[in-house]
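Report on the following structure.
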Amino acid sequence: MPTPGDPLPPGMAMLPTGGVRIALESAVLDPAQARALEILGRGLAALPAGRITVEAQVSGPANDVSVARRASLARAQAVKAALVAGGLPATRIDLRPLGRLGAGADRVDVLPPGVASPNAEARGR
Numbered sequence: 329m330p331t332p333g334d335p336l337p338p339g340m341a342m343l344p345t346g347g348v349r350i351a352l353e354s355a356v357l358d359p360a361q362a363r364a365l366e367i368l369g370r371g372l373a374a375l376p377a378g379r380i381t382v383e384a385q386v387s388g389p390a391n392d393v394s395v396a397r398r399a400s401l402a403r404a405q406a407v408k409a410a411l412v413a414g415g416l417p418a419t420r421i422d423l424r425p426l427g428r429l430g431a432g433a434d435r436v437d438v439l440p441p442g443v444a445s446p447n448a449e450a451r452g453r
């Protein structure tokens with residue numbers, strides 16, 4: 329897991345409660361993000377147990393829940409693939425494609441074991 333002092337590529341940031349947030353406007357990771365997620369996957373794989381949650385949300389479309397949910401799933405799957413490439417077993421990763429939440433943000437959160445969702449709207453889903 330990166331520490332707050334570790335440099336992350338543009339579009340990635342540490343969450344205050346733990347985990348990493350990626351600003352992602354499509355299901356395609358740039359090479360720097362993919363490398364950083366592989367390193368993160370290696371670190372998470374070293375944890376003795378626990379599930380990792382990948383929560384993805386999109387900014388739109390606001391009028392089509394199905395399209396928004398599928399777009400968020402595609403982004404979550406791209407992040408999962410990078411974590412798996414780093415050595416994290418796919419069976420330890422839970423995907424939460426949230427679709428479009430009220431904030432209307434394009435982002436994916438990678439949450440290690442024990443870290444609650446920072447997305448208040450997602451907690452009730």
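The sequence shown begins at 329 in the numbering used here and counts up by one. Where a beta carbon is used, it is the ideal one built from N, C-alpha and C, also for glycine.
Exercise for review: Return yes when the Cβ of residue 377 is within less than 9 angstroms of the Cβ of residue 338, no when it is not.
Suggested key: no
Exercise for review: Please name the residue in 342, 405, 412, 389 whose C-alpha comes closest to that of residue 383.
Suggested key: 405
Review point. When you compare only the Cα positions, how much space is there between residue 415 and residue 361?
Key: 16 angstroms
Review point. Among 390, 347, 365, 370, which one has its Cα closest to the Cα of residue 431?
Key: 390
Check your understanding: Which residue from 372, 355, 359 puts its Cα closest to that of residue 418?
Key -> 372
Point to revise | Closest Cα partner of residue 388 within the set 439, 341, 434 | key: 434
Check your understanding: By a C-beta neighbour count over all protein chains shown, 10 Å radius and 16 as the cutoff for buried, is residue 320 buried or exposed?
Key -> A query on residue 320 cannot be resolved here, the shown segment of the chain reaching from 329 to 453 and no further.
Check your understanding: How is the alpha helix (DSSP H) around residue 401 delimited, first residue to last?
Key -> 393 to 413
Point to revise | residue 425, enclosing beta strand (DSSP E) - first and last residue | key: 421 to 425
Point to revise | Which listed residue (428, 394, 408, 426) has its alpha carbon closest to that of residue 420 | key: 408
Check your understanding: What are the start and end residues of the beta strand (DSSP E) that includes residue 428?
Key -> From DSSP, residue 428 is part of no beta strand (DSSP E); its letter is neither H nor E.
Check your understanding: What three-state label does DSSP hand residue 416 in the structure shown?
Key -> coil
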